[in-house]
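Presented below is the structure to which this report refers.
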Amino acid sequence: MSQFYEPDLGTEPDNPFARGEDDKLVRRSFWLDMSDQSLTLAMTRGIGIPLRASEKRAHLIDIRREHLIDEICQEILPPED
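In our numbering, the protein residues as written are 23 to 103.
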């Protein structure tokens with residue numbers, strides 16, 4: 023099982039999260055051309071919404087944007103009793 027988000031390429035063949043058989047991003051330049059601010063918005067309010075925090079974290083590490091993990095992958099803690 024992959025640590026990365028796996029979009030349904032049958033319905034979304036141009037999904038920017040698509041990966042090849044070697045787990046490398048097909049549209050890597052899409053992500054690398056984004057500013058940190060644009061990437062943060064895309065992952066928190068746009069195309070990254072359906073991803074789990076672990077998938078976002080793996081994606082950010084893969085595109086070498088680890089410094090955005092805390093901002094994008096905010097952990098939601100259950101209320102204390």
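Ideal Cβ placement from N, Cα and C applies to all residues, glycine included.
For this session: Can you have a look at residue 83 and say buried or exposed, based on whether 16 or more other CB atoms are within 10 angstroms of its CB?
Result: Residue 83 counts as exposed, since fewer than 16 other C-beta atoms from the protein chains shown sit within 10 angstroms of its C-beta.
Exercise. Among 101, 62, 102, which has the Cα closest to the Cα of residue 95?
Worked result: Among 101, 62, 102, the Cα nearest to that of residue 95 is on 62.
Exercise. Expressed to the nearest angstrom, what Euclidean distance is found between the alpha-carbon atoms of residue 56 and residue 101?
Worked result: Cα-Cα distance, rounded: 35 Å.
For this session: Indicate the three-state DSSP secondary structure (helix, strand or coil) for residue 63 in the structure shown.
Result: Looking at residue 63 - three-state DSSP - the assignment turns out to be helix.
Problem set entry | Unbroken alpha helix (DSSP H) run spanning residue 57, endpoints | No alpha helix (DSSP H) holds residue 57; DSSP gives it neither H nor E.
For this session: Quick one: using the 10 Å Cβ neighbour count with 16 as the cut-off for buried, is residue 74 buried or exposed?
Result: Around the beta carbon of residue 74, fewer than 16 other beta carbons lie within 10 angstroms, which makes this residue exposed.
Exercise. Do you know how far the Cα of residue 31 is from the Cα of residue 65?
Worked result: Cα to Cα, residue 65 sits roughly 19 Å from residue 31.
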